[in-house]
Structure formats: C-alpha cells, structure tokens
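Residue numbers (this note's numbering), protein chains in the order written: chain E, 924 to 1261; chain G, 400 to 674.
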Ligand SMILES: Nc1ncnc2c1ncn2[C@@H]1O[C@H](COP(=O)(O)OP(=O)(O)O)[C@@H](O)[C@H]1O
Ligand SMILES: [Mg+2]
C-alpha cells in the first residue's frame, strides 16, 4: 500500500502571551511580552495509507485542528517528523495544496461577495481540473448536496448549513489525493449530515480519496471511516480499526428490563447475589427499571433466565455498548478537563 | 485514484491569475453604496481643498506655482491617489484575525501574486472611478487639465503603472506587520499617514521645507503620486523623466523582494487562529 502520510513524534507548542487583567493590564501588555509555552500536540506518531478512511476524535482542545494545520502546511511543527505525499508540508505548502482538499469547519474558502458558482470556476482554473474529472465531481456535488438552488447566490447570503455544503464541494472538486476535513458536519441538521456523509463516501469510492476527518459526531466516523485515532490532550490514546476500538473498550453489555412491579429491597439483594455468581452486576433498581451489566461474552442467556425466574418482566432489551457510549465514558473518566 | 498533480507551470499559473482577476472584479461591484459613498466624500474633500488654496492665493498671489497649475496638480494627484487606494491591509488583517488566511495559504497559487491580482483589480476598479475626479477638474479648468504634450502623456501612463506597482509593494511590506499584530487597522493608518505626508498628495513636493523634501527623496512614496503627476504636467521631461521611471522600477523590484522575504519570516511564526 502506498503511503499517504507519515508522522513521527510530531509536537506543537504555542506561545501564549500572558495578559494582565483590566484596562491598565492591557496597556502594560503593549510593552511587556511575557509568554508562556503551551503544548497543544505532544509528540504523536502514525501513518496513513492511500485510500484509508480515518476519523480523528478527541475532546475540545485535544489538538485535532492543530494536527490538521500541521499536516496541511499552514503552521510549522515545533518538533518531530512529518511527511505528506512525500512532501514536507510547511516548506512545500503550495505543491502539496494541489493534491489535498481541506475543510476547516467554520472557515469557508468560498469567495464571500460573489456567487458560489464563481468560486467553483476559479478552483477549476486554479487546480487545473481536467474537464472529465470536473464533469464528475461537479455533477456529483450538485446532485448529492442539493447545490443547484444555491449556485447563483452570493456566499454571504447563504445559511451556515448551505455554506458548509458548498465549501465541502469546493474542497473536493479536484478529487484530491487526501481530504482533510475538520468538522465537516458541524452545525448541520440530521438529513443534511446524512447527505454529506453519503457524498464523502461516494467521492471516496469513485476517486480513492484518502480521508482524515475530525468530528464530534461519532456517526460521521462509524458511517464513513474504518479507522480511528483518539487524541487526548495532545497525546494519541488509540490508533486502530473501529472493531479493535470496540474490542478494547466496549467490554460491557447490558440487559435492561422493565418490571411489572418495582422489586422489593430483599428481592433485589437476592437477585444481585445470584447474578454475581454468573458475572452480572445489577446497577439500576429504582422503580420499574432494572439494569444488569456484564462483561463476559455469552452470559446473556443465563442472566436473562435468572431474571425471568425471579421477577415478573414486562419488557426486555439487550444493549451492546456502542462507540458513542464508549467514547463518552473515556472522556468522562479523566480528571482535570478543560 | 487520480495521479498526483505536478506543480503548475508558468502558463498554467497565468490562467489562474486571469480567472482570479475576473472574480475579484466581479466582487468589486458588490458594494455599490460604499463605492458611491467613497467617491462622493472624495469629491467633497477635493472641492474643499481647492477652496482653501484659492483663499491662500488670494491673500498672496506670488507663489512658485501659478494658481491654476496648483489646482490642476491637486486634482490630478487626487485622481491618481484614488486609483491607487488599496484595501490590502484591511483585507489581509481581517483574514489573519479570523484565521481565514488559512484558506488562502491552502491554495496552489502564490499568496503574494494573488494579492497582486486583487490589487490590480482594485486599481482597475478605482482607476475607472478616478475619472470622475478627473472630470471634476475638466469641468472646472477645461483644457488646462490636459497633459502638457503627447509624449508627456505616454510617459505618464508608464509612470502611473509603475507608481501602482510601487504602492502595491509598499502595501505588501506593511501588511507583513499584520502577521504579528493580527490586525490591519494600525498598519493601514501608519501607511496611509506616510503616504499622505510623503507622496505629494496634499501639495507638490516643491512646496516642502528642505528637510522634509530631502526625506521624501529617500522614500518610495513620492513615486506613487508626485512622479507621475509631475511628468503629466511637463515639470519633468526628457532624461530626468526617464531617470524617475528607472527609480520607480527600482523601488518596485526592491519592495517586491523585501515583501517576499518578510512574508517568509512572518509565515514561520504565524499561528493560524481559531480551531
Ligand atoms: N494560536 C494559538 N495560540 C495559543 N493556543 C492555541 C492556539 N491554537 C490552539 N491553541 C490551543 O491548543 C489546544 C488545541 O487546540 P486545537 O488543536 O484547536 O483543539 P481541537 O481542534 O482538538 O479542539 C487548545 O487548548 C487551544 O486553546
Ligand atoms: Mg478544532
């Protein structure tokens, strides 16, 4: 497999100027320039092959955008190795630009004062997109993202969602080798999110675009990507397939029961004791609802039987933990969030 | 999978520039009321300037330059200045502050060239409008607004274009400050004040006190207004005029190189704002 990008011990620290409080402080700040180093990315390493579909997740401030900024060449790393399509991004930014497509969440590349169509035409010239490619990418974008009614509108009159769709289309018009998409679905409603995912998938199928997507909506990942990078305060916490991620973290399933009558305290104690012998933990027991969680695969039949024998059950569901739940749990576990 | 694209050749870049120029020009037309506003304010300002000078001449008619020549100079300087008003500092300053600069840097087109194209667009747009200022002069002073000779007019055209490349060069050098301050306002104010003082916009340089006059000789600003207008009016002719054109060319090249160098340094420390 051909390598798309390679990163080794990549780190970035920002200098933050210490601000004195108040108006007088702001004035002082004009003369003194005390700065403080802040490590946004703390030495991460990974490789991505051509055609891979990778999701990059992490809490706010984890360093996702900083990583993408380094990969696309608009900021220089503080230390570490970095190669994208065989180029050194911040030194060869322009050569790289021809072969990548970038969406930066709330920062559209569209020309503000003139209709969307004009930006598309400009990009066609700028990226020297061959007509046969443009035919496909343009038509596909217009069809999948419903752009037809927007094409003649000046960009500043578009709504956020409309602009995001146009911007995404603009960034993939030249069918780039790699697409770096920083929160491409931010602020979109559910149906449009679905459209956007379909469009990205489609472009991936047709042109083998390598995808690196950051998002807070895990559906973007589960529906578009097959590999996951989890950043946490500048360090890489996980790198692997979605399957491997679930295996590693999703080792808990649950039986959720709706009881006909709330269980008495003594009945609950007995139930807990017996469940425990078979690896089940009774967690919720208030009112009609009862939850039994377990870790060992294949325990569901036994635990369910015990439950049905001891209680009158009105309804029953089995829940596997999905990626969203896992990720929320990982985020929540850590102390000292910012 | 599309094969990787090699860097663009010079002619391919020209096509991008042409396409960009067209979009910039189209963009210029989207702020009609601002444009009209600017133009009217400018016209009023020149009318007032001329009235002030009229007063001055009435009190003391023995000036170096006869009164009508003075008025003609001021209106020409005004028209040239209008054609050369660039919004570069504001535009780039704002893009740096909001982080939109990222999208500019991610284009396969050279940033400095893209800014030059935008400035040419500004120049063409404002240049067309500057005819309104010129017409005001024509309305007031008739044929005295015409160039001193056909050859002076040709030299003026060349000098005007070079004046434009000089002002672009100055603007681009100043703009580099915005990469550090993350705002273009102060920088625009500074450049504008210098331009106002040292270009010959408010009075012919021949009127300046000796010290100030000497300073203007060492700065590029006079080449944006005084030089082309003086050539137009026939104050400078022959070899002296050619020498001025050469100086303009020298400043253009020098400023371009300085701008390129500063830009390289500025980008190294740029921290594109916003997540
Ligand atoms: N230009 C900057 N100057 C100082 N600190 C910054 C700058 N850009 C980002 N940061 C900080 O670096 C950290 C990572 O930011 P970012 O990469 O934008 O996070 P994410 O995209 O994962 O939300 C944050 O704590 C943020 O405050
Ligand atoms: Mg971000």
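Cβ coordinates follow ideal geometry from the N, Cα and C atoms, glycine included.
Can you tell me whether residue i is buried or exposed? The criterion is at least 16 other CB atoms within 10 Å of its CB, across all chains shown.
| i | result |
| --- | --- |
| residue 1259 of chain E | Reliability of the predicted coordinates at residue 1259 of chain E is poor, the pLDDT of 45 falling under 50, and the value obtained from them is presented with this limitation in mind. Residue 1259 of chain E should be labelled exposed. |
| residue 1085 of chain E | buried |
| residue 588 of chain G | exposed |
| residue 1220 of chain E | exposed |
| residue 620 of chain G | buried |
| residue 1237 of chain E | exposed |
| residue 1055 of chain E | exposed |
| residue 622 of chain G | buried |
| residue 482 of chain G | buried |
Using the C-alpha atoms, what's the distance from residue j back to residue i?
| i | j | result |
| --- | --- | --- |
| residue 1070 of chain E | residue 471 of chain G | 54 Å |
| residue 1075 of chain E | residue 1089 of chain E | 12 Å |
| residue 1027 of chain E | residue 1002 of chain E | 23 Å |
| residue 1188 of chain E | residue 1210 of chain E | 11 Å |
| residue 550 of chain G | residue 534 of chain G | 22 Å |
| residue 671 of chain G | residue 1251 of chain E | 29 Å |
| residue 980 of chain E | residue 1137 of chain E | 6 Å |
| residue 1167 of chain E | residue 1245 of chain E | 13 Å |
| residue 1310 of chain E | residue 504 of chain G | This structure does not reach residue 1310 of chain E, given that chain E is present from 924 up to 1261, and the question cannot be answered. |
| residue 926 of chain E | residue 971 of chain E | 6 Å |
| residue 577 of chain G | residue 651 of chain G | 21 Å |
| residue 1013 of chain E | residue 1022 of chain E | 14 Å |
| residue 580 of chain G | residue 1160 of chain E | 36 Å |
| residue 1256 of chain E | residue 983 of chain E | 15 Å |
| residue 1240 of chain E | residue 1110 of chain E | 33 Å |
| residue 1247 of chain E | residue 977 of chain E | 16 Å |
| residue 536 of chain G | residue 461 of chain G | 23 Å |
| residue 1181 of chain E | residue 1169 of chain E | 27 Å |
| residue 1113 of chain E | residue 438 of chain G | 48 Å |
| residue 1230 of chain E | residue 1253 of chain E | 30 Å |
| residue 1194 of chain E | residue 1233 of chain E | 7 Å |
| residue 1102 of chain E | residue 403 of chain G | 13 Å |
| residue 531 of chain G | residue 641 of chain G | 29 Å |
| residue 1261 of chain E | residue 1158 of chain E | At residue 1261 of chain E, the pLDDT of 40 sits below 50, so the modelled position is not reliable; the number obtained from the coordinates is stated separately. About 15 Å. |
| residue 1215 of chain E | residue 1222 of chain E | 11 Å |
| residue 1107 of chain E | residue 1094 of chain E | 11 Å |
| residue 1178 of chain E | residue 667 of chain G | 56 Å |
| residue 1205 of chain E | residue 1163 of chain E | 32 Å |
| residue 656 of chain G | residue 553 of chain G | 28 Å |
Does residue i come within less than 8 Å of chain E when only Cβ atoms are used?
| i | result |
| --- | --- |
| residue 400 of chain G | yes |
| residue 671 of chain G | yes |
| residue 431 of chain G | no |
| residue 517 of chain G | no |
| residue 508 of chain G | yes |
| residue 496 of chain G | no |
| residue 426 of chain G | yes |
Against chain G, does residue i count as a neighbour if the rule is that its beta carbon must be under 8 Å from one of theirs?
| i | result |
| --- | --- |
| residue 1050 of chain E | yes |
| residue 1025 of chain E | yes |
| residue 972 of chain E | no |
| residue 1040 of chain E | no |
| residue 1098 of chain E | yes |
| residue 1032 of chain E | yes |
| residue 1037 of chain E | yes |
| residue 998 of chain E | yes |
| residue 1003 of chain E | no |
| residue 937 of chain E | yes |
| residue 961 of chain E | no |
| residue 1078 of chain E | no |
| residue 1044 of chain E | yes |
| residue 1022 of chain E | yes |
Would a check of beta-carbon distances place residue i closer than 8 Å to chain A?
| i | result |
| --- | --- |
| residue 1018 of chain E | The structure shown contains no chain A; the protein chains it does contain are E and G. |
Taking contact to mean 3 or more Cβ pairs, one atom from each stretch, closer than 8 Å, check whether the segment 410-424 of chain G and the segment 506-524 of chain G are in contact. yes
Examine the Cβ distances between the segment 1169-1183 of chain E and the segment 1062-1069 of chain E and report whether three or more of them are shorter than 8 Å. no
Can you find at least 3 beta carbon pairs, one from the segment 626-633 of chain G and one from the segment 545-565 of chain G, that sit closer than 8 Å? yes
Please confirm if the segment 595-603 of chain G is in contact with the segment 612-626 of chain G, defined as three or more CB-CB distances below 8 Å between the two stretches. yes
Pick out the complete alpha helix (DSSP H) segments inside the segment 415-481 of chain G, 4 residues or longer, and give them in chain order. 431-458
Stretch pair the segment 476-493 of chain G + the segment 562-576 of chain G: three plus CB contacts closer than 8 Å: yes
Along the chain, which unbroken stretches of the alpha helix (DSSP H) at least 4 residues long are found entirely within the segment 1210-1239 of chain E? 1223-1233
May I ask you to verify whether the segment 1120-1132 of chain E touches the segment 1096-1105 of chain E, counting CB pairs closer than 8 Å and requiring at least 3? yes
Would you list, in sequence order, the uninterrupted alpha helix (DSSP H) runs of no fewer than 4 residues that lie entirely inside the segment 1098-1129 of chain E? none
Report the residue ranges of all alpha helix (DSSP H) runs contained in full by the segment 1137-1217 of chain E; include only those spanning at least 4 residues, in chain order. 1141-1147, 1165-1172 and 1188-1200
Could you pull out every unbroken alpha helix (DSSP H) segment of at least 4 residues lying fully inside the segment 578-648 of chain G, listed in chain order? 584-597, 609-617 and 625-631
Counting Cβ pairs, one atom from each stretch, are 3 or more of them under 8 Å apart for the segment 1141-1158 of chain E and the segment 984-1000 of chain E? yes
Contiguous beta strand (DSSP E) assignments of at least 3 residues, all confined to the segment 949-1025 of chain E: 958-972, 976-980 and 1002-1007
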